[in-house]
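Before any comments, here is the structure.
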Amino acid sequence: MRTRTAITAVLLALAATTAACSSSSDKPDLAACKAAMEKQFKDAKNSEQGKRPDKCDGVDAKTMSQYTQEIFDDQTTK
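This is the structure:
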């Protein structure tokens with residue numbers, strides 16, 4: 002039960018960060034962003050909830066939302 006609560010809390014925190022935007026003119030590394038999000042999800046017990054991974058600076062909200070859903074789907078099918 003605590004695992005489901007932790008998963009929900011982390012996913013809500015990740016979803017909340019999708020509204021954040023960056024003024025960086027460089028294209029973000031999408032693969033690095035997704036990997037950072039997956040690591041943050043796996044380390045949920047020790048991570049700061051609601052904190053957007055630094056690797057995701059410049060990633061648009063739609064992509065962040067897509068990654069959040071993919072990570073959630075991966076974790077719930079295991």
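Residue numbers for the sequence shown follow our numbering, so the first one is 2 and each next one is one higher.
Backbone N, C-alpha and C define an ideal beta-carbon position, used for all residues, glycine too.
CA-to-CA distance, residue j to residue i, given in whole angstroms
i          : j          : result
residue 36 : residue 71 : 12 Å
residue 65 : residue 29 : 12 Å
residue 45 : residue 55 : 16 Å
residue 77 : residue 68 : 14 Å
residue 23 : residue 63 : With a pLDDT of 48 at residue 23, under the threshold of 50, the modelled position of this residue cannot be trusted; read the value that follows with caution. Each residue's Cα considered, the two are about 14 Å apart.
When the options are compared against residue i, the one with the closest alpha-carbon
i          : options    : result
residue 74 : 27, 34, 42 : 42
residue 52 : 38, 32, 27 : 38
Reduced DSSP secondary structure (H/G/I, E/B, other) of residue i
i          : result
residue 60 : coil
residue 45 : coil
Contact set for residue i: own chain, Cβ-Cβ below 8 Å, skip 5 residues either direction
i          : result
residue 27 : 59
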